[in-house]
Amino acid sequence: MYLSETSSPRAAPRGLLRTDASGTVDRLGRHQDQDQDQDLRAPGKDPSTTMSAIQSDSRERGVEPSEGRAPAPPPGRRRGATVQGRYIPYILILPAIVALVGVMGYPLLRVILLAFQNVNSYLRLAVPSLDRWIGFQGFTRVLSDAQFWHVVWRTFLFTFEVVTLSVALGLVFALLLNRVSRWAKIFVSTVLMFVWAIPALVTGTVFRWLFAGIGGVIDYICYLLGGSGMKNHDWFANANEGLYVVVAAAVVWGALPFLVLGLNAAMTQVPRELVEAARVDGANPVQSFRHVILPIIRPFLLLCTSLSFIWDFQVFTQIWSLRQNAPEPGYWTVGVYLYEEGFTSSHYSTSSVISVAMILLMLAVLVAYIRQVVKIGGQG
Amino acid sequence: MKRKIAAAAALAAAALTASACSSSSGNNATPQGALSTQGAGKTVTVWIMNDAQKGWPDVVNAAKAAFEKETGAKLKIEWQTWSNYTTKLDTALLSGNAPDALELGNTQTAKYINAGSFVDLTSVKSQFDNSAQWLDSLAASGQSPDGSKTYAVPYYAGARVLIYRKDLFAAAGVTTAPATLDELSTDLAKVQAKNAAVPNFSALYLPGKDWYTAASFGAGTYGVKGVIAKASGSSWSGTLTDPTFVNGVKTWYSLQKKYSVGGATVDESNQDALMAKGNIAAIIGAGWEAGSVVDPKAGNPALAGDLAEIPVPGTAAGTPTPAFLGGSDLAVPTHAADPGLGAEFLRIFTDTANQTMLAKFAIPNNKTLISAYEAASPANQATGEAAKAATWFIPNSPNWSGADETALQTAFSAVATGTDPATALGTAQTTILGDLNAQ
Chain X
1 MYLSETSSPR AAPRGLLRTD ASGTVDRLGR HQDQDQDQDL RAPGKDPSTT MSAIQSDSRE
61 RGVEPSEGRA PAPPPGRRRG ATVQGRYIPY ILILPAIVAL VGVMGYPLLR VILLAFQNVN
121 SYLRLAVPSL DRWIGFQGFT RVLSDAQFWH VVWRTFLFTF EVVTLSVALG LVFALLLNRV
181 SRWAKIFVST VLMFVWAIPA LVTGTVFRWL FAGIGGVIDY ICYLLGGSGM KNHDWFANAN
241 EGLYVVVAAA VVWGALPFLV LGLNAAMTQV PRELVEAARV DGANPVQSFR HVILPIIRPF
301 LLLCTSLSFI WDFQVFTQIW SLRQNAPEPG YWTVGVYLYE EGFTSSHYST SSVISVAMIL
361 LMLAVLVAYI RQVVKIGGQG
Chain V
1001 MKRKIAAAAA LAAAALTASA CSSSSGNNAT PQGALSTQGA GKTVTVWIMN DAQKGWPDVV
1061 NAAKAAFEKE TGAKLKIEWQ TWSNYTTKLD TALLSGNAPD ALELGNTQTA KYINAGSFVD
1121 LTSVKSQFDN SAQWLDSLAA SGQSPDGSKT YAVPYYAGAR VLIYRKDLFA AAGVTTAPAT
1181 LDELSTDLAK VQAKNAAVPN FSALYLPGKD WYTAASFGAG TYGVKGVIAK ASGSSWSGTL
1241 TDPTFVNGVK TWYSLQKKYS VGGATVDESN QDALMAKGNI AAIIGAGWEA GSVVDPKAGN
1301 PALAGDLAEI PVPGTAAGTP TPAFLGGSDL AVPTHAADPG LGAEFLRIFT DTANQTMLAK
1361 FAIPNNKTLI SAYEAASPAN QATGEAAKAA TWFIPNSPNW SGADETALQT AFSAVATGTD
1421 PATALGTAQT TILGDLNAQ
């Protein structure tokens, strides 16, 4: 029994493993194949040595007293953790939690409370005695408003488009970065860093100038390439064109640096031998990518896709500056819609309802993201 | 686990109690204003729009010097911009970060007056110079709806005029300024024909999101009372879709379609810079915009002698298209650290000496100085005429917000890209009436 308590969770003895539909699971409910992924990450290892690695690790953890290495910890206690020491992590994290609760927790609570009140004018904000609790009336009003659903649908479409484009382009550029010379890679990485540093407001303004109807560079280039009707084409006249082409371009452009550099870094974990072995076995580049690289970068790829989804769902700044602080209803994604309702119209409670709805809509993705972070973090 | 639940519950309870206790006493009576000159050792913060910084910095500096000399306080001016200003005011006026005096637009005052965010200046109004001759519409924007109390002091007014390149017009054979819309259309056609070879040439540049100008054309055919919405008792009914209003908007659209290139979905914020580039023959803008066009830093000083201004011609000679009477007011927030000193600064800022200096650049806040304004330059004469003629205003309701202005921008920009005016204005009207009639 002591053996199972003192050994590291990673080295759960065989007898405590159980198998369920999702694969082999150890006593802590963690999937065993996950440990195998973790071992693959360390360069030079391959799957066949995983079990022996786990076994040798458990030996190194001082479970075998006969070797005379590090003395085994006293029975009944975890190594390195005294009774007071068990609280040390919580004490260390306490200041951060206090700051988070203060800065984010209180406003979040107020938003949820506002969603159940009728604070829909500046007057009610200024004179709180006029506020009333209206329960779920605010929710019924927002959820039965057709415009809300148009906005939600539009946001999902927009997010789907932007996430797909940015992750796909990110992967392509990350792969490309691995193929070019060192100097080209350094140059491109530096340029990407500069792009990353540009604030979203500036990106929106620059893209507005690029896509301007008169004097815009994009129109001129299209005209030079033969589209004579493009001479003074107004990209913003049709909201669909403006949103799904221009705004999407601005957002994807701003999202690429993180994705390219991050995915490129994840790809460095792919052992060169594996790729070479695949090539020797006759795999073409696409197969090599699909069967060798993709499984290894999968955890990070899932992470970035969830993050991209969350960020792109909330897009506000680029749309705001692309439409000069007055976006037409055709450009309203959830982020813009709740700002328009809350701050421009002073309908604070309606805006809070929309915020709560937005959080709930993103909940599935948030949960997937947090699970992924815990999964990756737990492998340390 | 149980400990965690207990901790979370305690936290939630504490937060709920804190939020309940944080609501203010909700005292609706605003403090009575008083002027104070005891400023030794204090710093007074004032928010002024950067229009003054660009247009009449001497006026501000003179007021600052006089204030500091009289009260002994130090004056700190924080320059503001118009975009999203009300969002900033919403939070500043309710927090402890309110300035001691501020400037805001005359379309923005109703909301704050209704919520009691400004100090009641009625008792000290007589100590402000020329307060009995304040311009009626500007003064009204600073008063309570029944006119009995004054919460904001008029600062300056402005009206839009037609600014045109008289050299381009003369080269096309137009020697006299157009007096009616029909004459304007003929003249613009001549200018357009003469400059057909110039790329992207606009005889009259009309941005689609410039809703003030578009609605002015509508008011030209509809009339100046009840533009956008009409109050009947406590509820509002819409007038945007009224056929006479729509006719005026159609005139605007036909001018836009024939003579304006490329501005259908942009607003008027950069029209001066575009005119300075040389391929625009006329714009409709505030009188001071002519100065921006020839500004040495942001414009083209070579155009200095080539610009002329007239009130926007209307359907009949002698009656210009009604202009929107814009302007700014000055107020003292109730949560100001030192409202007495703030009010004293406003008194000095709007006194006769400073308003006379201001009258060279913008319409001053009282009728006695209008002649000084018009005498200052020919550009001012056009603006003065436009301001003295019939002018229109937005529905004077505390529920008027930036969202209504956005709805109007969207509607007129849709008209400019070809949507049927009645449909586009109908959509805007639904939004606006929803706001105005909200409880």
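Residue numbers (the working numbering), protein chains in the order written: chain X, 1 to 380; chain V, 1001 to 1439. Just so you know, even glycine gets a beta-carbon here, dropped at the ideal spot from N, CA and C. These figures come from a predicted structure and were not determined experimentally.
Strictly under 9 Å for the Cβ-Cβ distance: is Thr1251 of chain V near chain X by that measure?
no
Spatial neighbours of Trp1047 of chain V in its chain, beta-carbon cut-off 7 Å, leaving aside the 5 residues before and after
Glu1078, Gln1080, Pro1099, Leu1102 and Glu1103
Just verifying my parser: in three-state terms, what is the DSSP assignment at Leu965 of chain V?
The requested residue 965 of chain V is not part of the displayed model; chain V covers only 1001 to 1439.
Quick one: residues in its chain with C-beta nearer than 8 Å to the C-beta of Asn1028 of chain V, no 5 flanking neighbours on either side, listed in chain order?
In this predicted model, Asn1028 of chain V has a pLDDT of only 44, less than 50, meaning its place in the structure is not dependable enough to derive any value.
C-alpha gap between Thr942 of chain V and Thr1321 of chain V, whole angstroms
This structure cannot settle anything about residue 942 of chain V, because the visible part of chain V is limited to 1001 through 1439.
By the 10 Å Cβ neighbour count, where 16 or more other Cβ atoms means buried, how is Glu276 of chain X classified, buried or exposed?
exposed
Cutoff 9 Å: Thr344 of chain X Cβ touching any chain V Cβ:
yes
Measure the alpha-carbon distance for Gln314 of chain X versus Pro329 of chain X and round it to whole angstroms.
16 Å
Quick one: residues in its chain with C-beta nearer than 6 Å to the C-beta of Trp1082 of chain V, no 5 flanking neighbours on either side, listed in chain order?
none
If distances are taken between C-alpha atoms only, which option among X:Ala212, X:Met230, X:Ala174 and X:Ile214 comes closest to Ala265 of chain X?
X:Ala174
Beta-carbon proximity of Val1161 of chain V to Ala1323 of chain V, cut-off 9 Å:
yes
Can you grab the Cα-Cα spacing for the pair Leu40 of chain X / Tyr90 of chain X, in whole Å?
Summary for Leu40 of chain X: the model assigns pLDDT 44, below 50, so the residue's position carries little reliability; its value from the coordinates is reported in the next sentence. Whole-angstrom Cα-Cα distance: 32 Å.
Chain X contact for Asp1267 of chain V (CB, 9 Å cutoff)
yes
Just tell me which of V:Ala1063, V:Asp1267, V:Leu1425 and V:Val1198 has its CA closest to the CA of Val1249 of chain V.
V:Leu1425
Close Cβ partners of Asn980 of chain V (< 7 Å) along its chain, the five nearest in sequence each way excluded:
What is shown of chain V runs 1001 to 1439, which leaves residue 980 of chain V out entirely.
Show which residues of chain X have a CB atom less than 7 Å away from the CB atom of Asp1435 of chain V.
Ser345
Less than 9 Å separating the beta-carbons of Ala357 of chain X and Phe156 of chain X?
no
Find the nearest neighbour of Gly1327 of chain V within the set V:Lys1074, V:Ala1157 and V:Ala1092, judged by alpha-carbon distance.
V:Ala1157
At least one CB of chain V closer than 9 Å to the CB of Ala115 of chain X: is that the case?
no
Quick one, which residues of the stretch 1290 to 1301 of chain V are near chain X if we go by CB-CB under 7 Å, in chain order?
none
Using a Cβ-Cβ distance under 9 Å, would Pro1398 of chain V count as near chain X?
yes
Please list the partners that Lys1111 of chain V has in chain X, where partner means a Cβ-to-Cβ separation under 9 Å.
Ser121, Tyr122, Leu123 and Ser346
Tell me, please, whether the CB atom of Phe236 of chain X is closer than 9 Å to any CB atom in chain V?
yes
So which residues of chain X does Asn1097 of chain V contact, with C-beta pairs closer than 9 Å?
Simply none; closest approach about 15 Å.
Whose Cβ in chain X lies nearer than 7 Å to the Cβ of Gln1409 of chain V?
Ala326
Would you kindly report the start and end of the unbroken beta strand (DSSP E) that includes Lys1076 of chain V?
Lys1074 to Gln1080
Give me the subset of the stretch 1115 to 1134 of chain V whose CB atoms are less than 9 Å from a CB atom of chain X, sorted by chain position.
Ala1115, Gly1116 and Ser1117
Cα-Cα separation between Leu1181 of chain V and Val1312 of chain V, rounded to whole angstroms
8 Å
Can you give the Cα-Cα distance for Thr1251 of chain V and Ile1284 of chain V, rounded to whole angstroms?
15 Å
Segments assigned beta strand (DSSP E), at least 3 residues, entirely inside the stretch 156 to 238 of chain X
none
When you compare the CB positions of Gly1033 of chain V and Ala1362 of chain V, do they come within less than 9 Å of one another, or not?
no
Proximal residues to Thr1213 of chain V (C-beta, below 6 Å), its chain only, five neighbours per side dropped:
Ile1284
Counted within 10 angstroms of its Cβ, other Cβ atoms place Trp183 of chain X as buried (16 or more) or exposed:
exposed
For Leu263 of chain X, is the classification buried or exposed, using 16 other Cβ atoms within 10 angstroms of its Cβ as the cut-off for buried?
buried
Burial state of Phe187 of chain X (16 or more Cβ within 10 Å)
exposed
Could I get the ranges of all uninterrupted alpha helix (DSSP H) runs contained in the stretch 314 to 374 of chain X, with 4 residues as the minimum, in chain order?
317 to 322 and 334 to 339
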